[in-house]
Amino acid sequence: MLDIRGLSLSLGEFSLDGVDLTVADGEYFIILGPTGAGKTILLETIAGIYAPDSGTISLDGREITRTDPKDRGIGMVYQDYMLFPHLTVGENIGFGLRQQKIEPDRIKERVSETANLLGIGHLLDRTPLTLSGGEQQRAAIARALVLRPRVLLLDEPLSALDAVTRDRLRRELKAVHRAMGTTIVHITHHFEDIFALADRVAVMQDGMIVQAGTPDEVFRQPATEFVAAFTGMENIFPGISRVRGSEAAIDLGAITLRTVTAVEGDVYAGIRPEEVIVSREAFESSAVNAFSGTVVEVQQNGIFSRVVVDAGVPFVAVLTRQSIARLGLAEGEPAHVTFKASAVHVFSR
Amino acid sequence: MPPNRDALPRPSAFKALFLAVLFGLVAYMVVVIVGLVVYPPLPALIESLTSPEILFAIKLSLITSAISTTLCVVAAVPVAYSLARFSFPGRRLINSIFNIPLALPPLVAGVALLIFYGPSTFGRMLSATGLDVIYTPLGIIVAQFFVNLPYMVRVARSAFETINPRYEHVARTLGCTEWGAFRQVSLPLARSGIVAGLVITWSKSIGEFGAVLMLAGATQMKTETLPIALFLNMSTGDLDLAIAASVILIVISVASLAVFERYSGGRGVF
Chain A
0 MLDIRGLSLS LGEFSLDGVD LTVADGEYFI ILGPTGAGKT ILLETIAGIY
50 APDSGTISLD GREITRTDPK DRGIGMVYQD YMLFPHLTVG ENIGFGLRQQ
100 KIEPDRIKER VSETANLLGI GHLLDRTPLT LSGGEQQRAA IARALVLRPR
150 VLLLDEPLSA LDAVTRDRLR RELKAVHRAM GTTIVHITHH FEDIFALADR
200 VAVMQDGMIV QAGTPDEVFR QPATEFVAAF TGMENIFPGI SRVRGSEAAI
250 DLGAITLRTV TAVEGDVYAG IRPEEVIVSR EAFESSAVNA FSGTVVEVQQ
300 NGIFSRVVVD AGVPFVAVLT RQSIARLGLA EGEPAHVTFK ASAVHVFSR
Chain C
0 MPPNRDALPR PSAFKALFLA VLFGLVAYMV VVIVGLVVYP PLPALIESLT
50 SPEILFAIKL SLITSAISTT LCVVAAVPVA YSLARFSFPG RRLINSIFNI
100 PLALPPLVAG VALLIFYGPS TFGRMLSATG LDVIYTPLGI IVAQFFVNLP
150 YMVRVARSAF ETINPRYEHV ARTLGCTEWG AFRQVSLPLA RSGIVAGLVI
200 TWSKSIGEFG AVLMLAGATQ MKTETLPIAL FLNMSTGDLD LAIAASVILI
250 VISVASLAVF ERYSGGRGVF
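Line by line, the protein sequences give chains A and C. The numbering of the first sequence is numbering that gives the first Met the number 0, which starts it at 0 and goes up by one. The numbering of the second sequence is numbering that gives the first Met the number 0, which starts it at 0 and goes up by one.
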């Protein structure tokens, strides 16, 4: 168990301000937050690159706040890979093992074992700069994993990759986590990562952890307005996805959404509030998702207001004050919600 | 079709004038330098090049410059790394102090060294131990080191500055000590920059005149490096030997410039 108590550090423009965090053994823990929130220096402090001004870090009950990074058993992977350009991919992956003076044959064996796990076994003799971004990130993950770290820290490991590669590597990360059971702390600003990977999630802002919990808790009950605004998707529903041809039906229990996705099984469906159209009457349109329900909440809030329509599940929509007045929306009134298939985002859970 | 800047029917007066200045000056520089090399008849040049005095000067220059360059590299690496990586009070000021010898006329540096190793308390203590710097070959090394260290520091610092510190961070999480991360990661990555600095430092120390003249003197066959040989033979009117020393210095300069350009990757020293 990784236990962080009251961790503070001031480092020029970035700082940590009393960070408390507990990550259980084998947990996939995601830290979400905007650029400049101090996420990277939190990881670097956990890894031992920086010594905190105050606070403690313990791993498995042993305090490691002042332990040398090499003795912590914590691996680190950066967004921009940081593969040593003067070494081959194989030498990069074997770098940590060589520090332990392990015999070359054994190093070779473990390097190819880990490389094969990540599907880069055929690239060991290449130099890092001849690899694609996805391959480089796999090599960087392999370099950390080959030492069997007690905790693996991933600093935005998917952010520098194109969408297709990102999706594939995200699935591989999940598989690796399952296979090795390594405790992972992963920083991201993509909420897709959370639904695909996280057991628990913490939201970080201005050097502080503002909320921590399961993805469901954080998205459903954002503790602060910041979390709500940052997570953005207020309409998040667990369901079961069934793909038929190019279309998919997401069974939410009370209602079924239609969308286009290849993700099957247990999923979350997310719809941004801006994409939900509220009307008094049902209407003919190209949008395939249309449900009738009752307005349960109208929250006036500046130019835009939040309207919640219960149509089996509660849909949050964002409307202008004028639209609410024009439609005469009020609590208890009947209403319809409509949104396009493409507005439904699906994440496996 | 996009306009092609080379496709003008006739160069404009502007372009013609600027290019004329450029090519005129290049021709001037080449003619001046090549002119010196081809001035003496070839047999006379070869005879001068193999004269005992020039051979001595070559040997002394090679030995002193090799030692002073080695010392420069050994000293400059920790200095350059500290300036590139660590933050400490007075960092900017210290950086400027390391650049003073670049701006200082070498003659002035030489006089300062002469005072320091001569009549100063330190100088008297040093000569009491039998270590004489003034007017000795050791003085040549001391002078070359003092004047050329800043060049090495500048090139090495820019080499370290281009290396992302995260390489070392990763190395340390992989089991390296700070020393290990430096030796196995930063130093190899800075290698070409350090080689470039080494070459320019060596070339400058071979050619160093002013500071060497002041501190080590100009004693024939004792502290006679190539530039000193050039100076001594020029002042006694022995033009052939002076030109022979010049030719060697030209060859060394051109060769080391080529190596520097090859390794520095466009990083400037000046």
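No residue lacks a Cβ here, since even glycine has one placed at the ideal position from N, Cα and C.
What residues in the stretch 37–51 of chain A bring their beta carbon closer than 8 Å to a beta carbon of chain C?
Those residues of the stretch 37–51 of chain A that come within reach of chain C (Cβ to Cβ, closer than 8 Å) are Glu43, Ala46, Gly47 and Ile48.
Contacting positions in the stretch 156–180 of chain C - beta carbon closer than 8 Å to chain A:
Here the close residues are Asn163, Arg165, Tyr166, His168, Val169, Ala170, Arg171, Thr172, Leu173, Gly174, Cys175, Thr176 and Gly179.
Taking 8 Å as the cut-off, does the stretch 44–52 of chain C touch the stretch 161–168 of chain C (at least 3 CB pairs, one atom from each stretch)?
Between the stretch 161–168 of chain C and the stretch 44–52 of chain C, the count of C-beta pairs closer than 8 Å stays below three; the two stretches do not touch.
What is the rounded straight-line gap between the Cα of C:Phe159 and the Cα of C:Met233?
By 1-based counting over the second sequence, the position of residue 159 of chain C is 160. By 1-based counting over the second sequence, the position of residue 233 of chain C is 234. Those two C-alpha atoms are separated by around 43 Å.
Leaving out five residues on either side along the sequence, give the residues of the same chain with a beta carbon under 6 Å from the beta carbon of C:Ser64.
Stepping through the second sequence from its first residue, residue 64 of chain C is reached at position 65. Apart from the 5 residues on each side of it in sequence, C:Ser64 sits with its Cβ closer than 6 Å to the Cβ of Trp201, Ser204 and Ile205 in its chain, given in chain order.
Would you say C:Phe87 reaches chain A, if we count a Cβ-Cβ gap shorter than 9 Å as a contact?
As a position in the second sequence, residue 87 of chain C is number 88, starting the count at 1. Not an interface residue.
Simplified DSSP assignment, three categories, for A:Val343:
Translated into the one-based positions of the first sequence, residue 343 of chain A becomes position 344. If DSSP states are grouped into helix, strand and coil, A:Val343 belongs with coil.
Residue range of the alpha helix (DSSP H) that C:Gly196 falls in?
By one-based count along the second sequence, residue 196 of chain C stands at place 197. For C:Gly196, the uninterrupted alpha helix (DSSP H) segment begins and ends at Arg190 to Gly206.
Go to A:Val259, then tell me how far its alpha helix (DSSP H) extends in each direction, as first and last residue.
As a working mapping, residue 259 of chain A is identified with position 260 in the first sequence. A:Val259 -> no alpha helix (DSSP H), and no H or E assigned at all.
With 9 Å as the threshold, decide whether the Cβ of A:Lys69 is near any Cβ in chain C.
The residue given as residue 69 of chain A occupies position 70 in the first sequence. Proximity of A:Lys69 to chain C, defined by a Cβ-Cβ separation below 9 Å, is satisfied.
Tell whether a beta-carbon distance below 9 Å holds between A:Ile101 and A:Ile45.
For this step, residue 101 of chain A is matched to residue 102 along the first sequence. For this step, residue 45 of chain A is matched to residue 46 along the first sequence. Cβ distance not < 9 Å, so A:Ile101 and A:Ile45 don't count as in contact.
Beta-carbon gap between C:Ile162 and C:Ala189 smaller than 9 Å:
Translated into positions along the second sequence, residue 162 of chain C becomes position 163. Translated into positions along the second sequence, residue 189 of chain C becomes position 190. Pairing C:Ile162 with C:Ala189 gives a Cβ-Cβ distance under 9 Å.
Runs of 4 residues minimum, wholly inside the stretch 41–104 of chain A: which ones carry the alpha helix (DSSP H) assignment?
As far as the stretch 41–104 of chain A is concerned, its whole alpha helix (DSSP H) runs of at least 4 residues are 88–98.
In three-state DSSP terms, what is A:Thr39?
Locating residue 39 of chain A in the first sequence gives position 40, where the first residue counts as 1. If DSSP states are grouped into helix, strand and coil, A:Thr39 belongs with the helices.
Does the contact criterion of 3 or more C-beta pairs under 8 Å hold for the stretch 256–274 of chain A versus the stretch 326–346 of chain A?
With the cut-off at 8 Å, the stretch 256–274 of chain A and the stretch 326–346 of chain A touch.
Can you tell me the Cα-Cα spacing of C:Ala254 and A:Thr126, whole angstroms?
To locate residue 254 of chain C, count along the second sequence from 1; it is residue 255. To locate residue 126 of chain A, count along the first sequence from 1; it is residue 127. About 31 Å.
Between C:Ile57, C:Glu177, C:Ile251 and C:Ala210, which lies nearest to C:Ile114 when the distance is taken from Cα to Cα?
The residue you call residue 114 of chain C lines up with position 115 of the second sequence. If you compare the alpha carbons of C:Ile57, C:Glu177, C:Ile251 and C:Ala210 with that of C:Ile114, the shortest gap goes to C:Ala210.
With a threshold of 8 Å, establish whether the CB of A:Ile30 neighbours any heavy atom of the ligand NAP.
Absent from the structure shown: the ligand NAP. Ligands present: none.
Please identify, using Cβ separations under 7 Å, the residues of the stretch 182–196 of chain C that lie next to chain A, in order along the chain.
Within the stretch 182–196 of chain C, the qualifying residues are Val184, Pro187 and Leu188.
Over the uninterrupted beta strand (DSSP E) stretch that includes A:Ala201, give me the two end residues.
Mapped onto the first sequence, residue 201 of chain A falls at position 202. Element bounds for A:Ala201: Arg199 to Gln204.
Which whole-angstrom value is the C-beta distance of C:Pro136 and C:Leu24, which I expect to be below 8 Å?
By one-based count along the second sequence, residue 136 of chain C stands at place 137. By one-based count along the second sequence, residue 24 of chain C stands at place 25. Rounded, the Cβ-Cβ distance is 39 Å, inconsistent with contact.
Which residue wins for smallest C-alpha separation from A:Phe94, given the options A:Met203, A:Arg243 and A:Lys69?
By one-based count along the first sequence, residue 94 of chain A stands at place 95. When C-alpha distances from A:Phe94 are compared across A:Met203, A:Arg243 and A:Lys69, the shortest belongs to A:Lys69.
Chain C contact residues for A:Ile73, given Cβ-Cβ distances below 8 Å
Counting from one through the first sequence, the residue named residue 73 of chain A turns up at place 74. Around A:Ile73, the beta-carbon contacts reaching into chain C at under 8 Å are Thr172.
Just verifying my parser: in three-state terms, what is the DSSP assignment at C:His168?
By one-based count along the second sequence, residue 168 of chain C stands at place 169. Here C:His168 carries a helix assignment [DSSP, helix/strand/coil].
State buried or exposed for C:Gly34, treating a residue as buried only when at least 16 other CB atoms are found within 10 Å of its CB.
In the second sequence, the residue the question calls residue 34 of chain C occupies position 35. Its Cβ having fewer than 16 others within 10 Å, C:Gly34 is exposed.
For A:His176, go through chain C and note every residue whose CB falls closer than 7 Å to its CB, in chain order.
In the first sequence, residue 176 of chain A corresponds to position 177, counting from 1. Within chain C, no C-beta atom comes less than 7 Å from the C-beta of A:His176; the nearest is roughly 19 Å away.
Taking only three categories from DSSP, how would you classify A:Tyr27?
Against the first sequence, residue 27 of chain A aligns to sequence position 28. It is a strand residue.
Along the chain, where does the alpha helix (DSSP H) containing C:Ser60 start, and where does it finish?
For this step, residue 60 of chain C is matched to residue 61 along the second sequence. Counting along the chain, the unbroken alpha helix (DSSP H) around C:Ser60 starts and ends at Pro51 to Arg84.
When burial is assigned at 16 or more other CB atoms within 10 Å of the CB, is C:Lys14 buried or exposed?
Taking the second sequence and counting its residues from 1, the one referred to as residue 14 of chain C is at position 15. Exposure of C:Lys14 is indicated by the presence of fewer than 16 other C-beta atoms within 10 angstroms of its C-beta.
Would you report the Cα separation of C:Arg266 and C:Ile193, rounded to the nearest angstrom?
Taking the second sequence and counting its residues from 1, one reaches residue 266 of chain C at position 267. Taking the second sequence and counting its residues from 1, one reaches residue 193 of chain C at position 194. With a pLDDT of only 47 at C:Arg266, under the threshold of 50, the placement of this residue in the model should not be trusted; the figure read from the coordinates follows. When rounded, the distance between both Cα atoms is 11 Å.
Could I get the ranges of all uninterrupted alpha helix (DSSP H) runs contained in the stretch 262–328 of chain A, with 4 residues as the minimum, in chain order?
Runs of the alpha helix (DSSP H) inside the stretch 262–328 of chain A: 320–326.
Of all the residues that make up the stretch 301–335 of chain A, which are near chain C by a beta-carbon distance shorter than 8 Å?
Only those residues of the stretch 301–335 of chain A whose C-beta falls short of 8 Å from the nearest C-beta of chain C would be listed, and there are none.
Identify the continuous alpha helix (DSSP H) that holds C:Pro149 and give its terminal residues.
Within the second sequence, the letter at position 150 stands for residue 149 of chain C. Boundaries of the alpha helix (DSSP H) around C:Pro149: Pro136 to Glu160.
Determine, using beta carbons only, whether A:Ile183 and A:Val217 come nearer to each other than 9 Å.
The residue given as residue 183 of chain A occupies position 184 in the first sequence. The residue given as residue 217 of chain A occupies position 218 in the first sequence. Between A:Ile183 and A:Val217, the CB-CB gap reaches or exceeds 9 Å.
Environment of C:Met0 [buried if 16+ CB atoms lie within 10 Å]
Start at 1 with the first residue of the second sequence, and residue 0 of chain C comes out as number 1. Its pLDDT being 48, under 50, C:Met0 is placed unreliably by the model, and the measurement read from it follows with that caveat. By the 10 Å Cβ count, C:Met0 comes out exposed.
From A:Ala247 to A:Ile270, what distance separates their C-alpha atoms?
Residue 247 of chain A sits at position 248 when you count from the first residue of the first sequence. Residue 270 of chain A sits at position 271 when you count from the first residue of the first sequence. Looking at the two C-alpha atoms, the distance is approximately 15 Å.
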